[in-house]
Amino acid sequence: MSANEHQQQQNQCIDFIPGTNQLTLANKHSFTFDNVFAPSTDQHTLYETSILPLVHKFLEGYNATVLAYGQTGSGKTYSMGIGLDAQHPDEQGILQRFVKTLFDHLQQHKNDIDKSEIRVSFLELHNEDLVDLLVSSSQTLKKENQPMVVIREDTNGNICWSGVREETVHHPHQLYSLLERGSIARTTAATDMNISSSRSHAIFSIRLDQTKHTNDQPITLSSKFHFVDLAGSERLKRTNAVGNRAKEGISINSGLLALGNVISALGDPTRRSSHVPYRDAKLTRLLQDSLGGNSQTLMLACVSPAWSNHKESLNTLQYANRARNIRNRVTVNEQ
């Protein structure tokens with residue numbers, strides 16, 4: 001629970017069934033997932049159990065995605081590590097731990113890899129506008145000065161983000177610096193749900209190219225890892241937002257609704273051959289490869305155990321339950 005929920009002495013609405021990956025909500029809704037983590041679970045356990053298998057696939061040349069979904073204040077940004085919350089190594093999120101794994105791997109296999117290149121991008125989707133968070137000049141943070149980011153599809157059907165700045169990094173501290181720079185530029189604002197609520201969707205992406213020799217033939221593995229921190233999924237009336245905050249909430253909810261429609265279309269066996277509405281929103285277009293495409297994708301569903309949030313938690317768990325039925329078509333990216 002959050003500090004505010006503890007202060008209000010909220011009752012808990014979620015029960016965890018020991019020795020299983022099951023939970024019950026409000027004593028009547030049961031769910032089973034690949035992994036279930038109680039509030040006492042530390043960041044290390046979350047990473048080692050759920051994320052590290054994806055990282056290993058990424059290092060083998062496969063695309064990967066982690067999507068953090070849930071209401072504001074449920075721990076998405078904290079778990080992902082996109083925010084600047086960690087005050088202690090134990091609190092480091094998925095991204096910080098991923099960076100260590102990545103550079104440790106490259107160091108350990110330096111004799112097997114002829115050449116490697118890491119490129120980083122950081123994109124925000126705010127009110128249906130795509131904002132490059134790594135553009136260095138403060139002037140370009142103004143909408144009218146932003147370089148245009150366009151979502152395109154290449155000849156192989158892969159989704160590309162044309163116009164996004166990619167920074168090449170050689171050391172962990174360079175990557176952390178880019179993460180910090182983009183996180184500071186990200187749009188946040190106070191609502192009744194959270195004093196520093198993320199008012200946008202954010203995608204921190206890492207591309208890795210590795211050139212090796214196999215049977216005296218050079219091969220290049222090209223993989224990408226998207227870390228997606230979705231904006232809060234709560235109903236607009238719960239935020240008590242007005243004016244621009246309300247406009248942001250409407251945009252957030254419409255994007256998440258479109259994402260839910262895509263998940264429903266992909267996760268329903270009776271609809272898999274039918275039209276998937278990727279083009280209904282920029283969010284789903286951005287994530288098209290991650291949803292039903294060439295990517296190993298994990299949804300991290302973050303819920304509040306507080307009874308006052310049980311309706312939002314039910315929505316999140318139902319959303320994640322549908323996502324669990326999606327089957328992506330994953331292939332290694334080898335040239």
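Letter by letter, the sequence shown follows residues 1 to 335 of full-length UniProt numbering. Yeah, the Cβ is synthetic: ideal placement off N, Cα and C, and Gly gets one too. Since the structure is predicted, the reported quantities are computational estimates derived from the model, not experimental observations.
For residue i, which residues of its own chain have a beta-carbon under 7 Å away from its beta-carbon, when the five flanking residues on both sides are left out?
{"i": "R165", "result": "S121, D132, L134 and V135"}
{"i": "K57", "result": "A64 and Q296"}
{"i": "N261", "result": "P277 and D280"}
{"i": "T20", "result": "none"}
{"i": "A323", "result": "I263, G267 and M299"}
{"i": "residue 369", "result": "A query on residue 369 cannot be resolved here, the shown segment of the chain reaching from 1 to 335 and no further."}
{"i": "R181", "result": "L134"}
{"i": "S50", "result": "N35 and L298"}
{"i": "G75", "result": "C302"}
{"i": "S274", "result": "A265"}
So the candidates are the options; which of them puts its Cα closest to the Cα of residue i?
{"i": "E312", "options": "Q107, V276, Q296 and S233", "result": "S233"}
{"i": "L298", "options": "M80, Q108, L314 and L130", "result": "M80"}
{"i": "Y62", "options": "R152, T220 and V36", "result": "T220"}
{"i": "S205", "options": "S304, Q108, L123 and E60", "result": "L123"}
{"i": "Q288", "options": "E153, N35 and Q22", "result": "E153"}
{"i": "V169", "options": "N328, R119, G75 and P39", "result": "R119"}
{"i": "N215", "options": "D112, A185, N325 and A202", "result": "D112"}
{"i": "Q335", "options": "N27, E60 and S30", "result": "E60"}
{"i": "S223", "options": "L208, H213 and K212", "result": "L208"}
{"i": "I250", "options": "D34, G93, E128 and E48", "result": "E128"}
{"i": "W161", "options": "H226, Q9 and D42", "result": "H226"}
{"i": "G73", "options": "N325, N333, N309 and I326", "result": "N309"}
{"i": "P53", "options": "P39, D34, Q8 and K28", "result": "D34"}
{"i": "K212", "options": "M148, T155, N158 and H109", "result": "H109"}
{"i": "D90", "options": "L102, Q10 and T41", "result": "T41"}
{"i": "L179", "options": "G75, F98 and D104", "result": "F98"}
{"i": "Q318", "options": "S254, P218 and T32", "result": "T32"}
{"i": "N156", "options": "Q217, Q8, Q7 and G293", "result": "G293"}
Which residue or residues does DSSP assign as beta-bridge partners of residue i?
{"i": "P277", "result": "According to DSSP, which records beta bridges pairwise, P277 is partnered with nothing at all."}
{"i": "Y213", "result": "The sequence given here places His at residue 213; Tyr does not occur at that position. Per DSSP, P218."}
{"i": "D15", "result": "T24"}
{"i": "K224", "result": "R207"}
{"i": "L300", "result": "A68"}
{"i": "A258", "result": "In the DSSP output, where bridge partners are listed per residue, A258 has none listed."}
{"i": "D229", "result": "A68 and A202"}
{"i": "E334", "result": "L221"}
{"i": "S30", "result": "T24"}
For residue i, collect the residues of the same chain with a Cβ closer than 8 Å to its Cβ; drop the 5 residues on either side in sequence, then sort them by chain order.
{"i": "P18", "result": "none"}
{"i": "F103", "result": "H171 and P172"}
Am I right that residue i and residue j are in contact with their C-beta atoms under 8 Å? What's the rounded C-beta distance?
{"i": "A231", "j": "A258", "result": "The pair is not a contact, with the Cβ atoms about 13 Å apart (cut-off 8 Å)."}
{"i": "V303", "j": "T284", "result": "With a Cβ gap of about 22 Å, V303 and T284 do not count as contacting."}
{"i": "L67", "j": "V330", "result": "At roughly 16 Å, the Cβ-Cβ gap does not stay under 8 Å, so L67 and V330 are not in contact."}
{"i": "P172", "j": "K100", "result": "7 Å"}
{"i": "S200", "j": "I82", "result": "That pair is no contact at about 11 Å."}
{"i": "Q92", "j": "Q43", "result": "6 Å"}
{"i": "I326", "j": "L286", "result": "Actually they are not in contact, since the Cβ atoms of I326 and L286 sit about 16 Å apart, beyond 8 Å."}
Give every residue of the same chain whose Cβ lies closer than 6 Å to the Cβ of residue i, excluding the five residues on either side of it in the sequence, and list them in chain order.
{"i": "E5", "result": "A306"}
{"i": "S137", "result": "At S137 the pLDDT is 46, less than 50, meaning the model places this residue with poor confidence; the figure from the coordinates comes in the next sentence. Excluding positions up to five away in sequence, the list is empty."}
{"i": "A320", "result": "M299 and A301"}
{"i": "T24", "result": "D15 and S30"}
{"i": "Q210", "result": "I113, S116 and L221"}
{"i": "G255", "result": "A281 and L283"}
Using a threshold of 7 Å, is the CB atom of residue i nearer than that to any non-hydrogen atom of the ligand SAH?
{"i": "S308", "result": "Of ligands this structure carries none, so the ligand SAH is not represented either."}
For this session: Pick out the complete beta strand (DSSP E) segments inside the region 78 to 166, 3 residues or longer, and give them in chain order.
Result: 115 to 126, 129 to 132, 150 to 153 and 159 to 162
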